[in-house]
Each structure stands twice: as structure tokens, then as C-alpha cells.
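Residue numbers (the working numbering): 4 to 131. Worksheet for the structure shown next.
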Amino acid sequence: MFVKTLAEIIDTPSHVRGEAFDSHRLLLASDGLGYSFHDTRIKAGTEQHLHYKNHIETNYCVAGSGSVQEVATGKTWPIGPGTLFVLDQHDAHIVRAESDIHLICVFTPALTGQETHDKDGSYSAADA
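As C-alpha cells, this is what we get:
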């Protein structure tokens, strides 16, 4: 058994920031669990075009509001507290934040913690 706290992650290499997000990567590939676990904030007024070609992602909204759009179909779902959305088919998607959104995210395979989005919004296969 082991225990980690969010406070331990802040301002470490596991605390990754982008223009539209702030991600605390609490569990990573180095933890040996086969998945990674992230506490992520999406900034109000932002739009992110993402496409995890090499990872499956599950997101659970704790706070905030916005939407997620499936690029292939154009279908859009609202995001709010209690909403779970899963990108189980490596779905290209767009996340729009009306207010700050707080998500709990799980990736499989696990992220190393240092991935950055490619120009198409994915992480490289080398990161998988």
C-alpha cells in the first residue's frame, strides 16, 4: 500500500500545465498499476481539440460546466458535476469549458507524466 496527496504533486514534474489546463498526475506508469490517475482543471473559456490515438481515457467531472464533442459525428454532450465521459474508441473530441472544469481522469496504458500533446491533440505511441 502507498498513499499520495495532491499537495505532494504541486510544482513537481508530475504537475503539468498547458495553456488550457493544469494537470496533477497522481499515479503514473512508474507506480506499476497499468493506468494513470490525474486531477485536472480545464480553464474557463478554452477549447481543446484532443485525440488520444494510443490511450483510452475516462473523465469524471467533479465541478464546473462545459461540453465534449465527438468529432466523427458532431454529437455534443454537456459536462457538469457527476458527468462521466469515456473515450473508449480513441475518439477525436473537443472539450469546451464554459467555466473552470475539474476532472478526475484515468488513462490506460498509464502515462509517464511528461507527455505533451502533439499538434493533433494526441500523445505519441512512444508514450503508450
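Note that the Cβ used here is the ideal one computed from N, Cα and C, for glycine as well.
Could you name the residues of the same chain whose beta carbon sits closer than 7 Å to that of residue i, not counting the 5 residues immediately before and after it, in chain order?
i	result
residue 70	79, 80, 81, 82, 99
residue 42	9, 27, 29, 107
residue 84	64, 65, 66
Where do the ends of the beta strand (DSSP E) carrying residue i lie?
i	result
residue 100	95–100
residue 52	50–54
residue 5	Taken as a continuous stretch (DSSP letters only), residue 5 belongs to no beta strand (DSSP E), as it is neither H nor E.
residue 79	79–82
Between the C-alpha atoms of residue i and residue j, what's the straight-line distance to the nearest angstrom?
i	j	result
residue 94	residue 109	15 Å
residue 57	residue 77	22 Å
residue 101	residue 36	34 Å
residue 115	residue 87	23 Å
residue 8	residue 33	16 Å
residue 6	residue 12	12 Å
residue 31	residue 54	20 Å
residue 62	residue 16	22 Å
residue 104	residue 75	24 Å
residue 96	residue 4	35 Å
residue 72	residue 14	31 Å
What would DSSP say about residue i, mapped onto helix, strand or coil?
i	result
residue 1	Missing from the structure shown is residue 1; the chain here goes from 4 to 131 and no further.
residue 23	coil
residue 36	coil
residue 9	helix
Apart from the five residues just before and just after residue i, which ones in its own chain have a Cβ nearer than 6 Å to its Cβ?
i	result
residue 51	23, 98
residue 111	38, 59
residue 68	83, 101, 102
What does DSSP give as the partner residues of residue i in its beta bridges?
i	result
residue 63	87, 107
residue 112	DSSP, once it has assigned bridges, lists no residue as partnering residue 112.
residue 69	82, 100
residue 30	40
Does the ligand MG have a heavy atom nearer than 8 Å to the CB of residue i?
i	result
residue 109	For the ligand MG, the structure offers nothing, since it holds no ligand at all.
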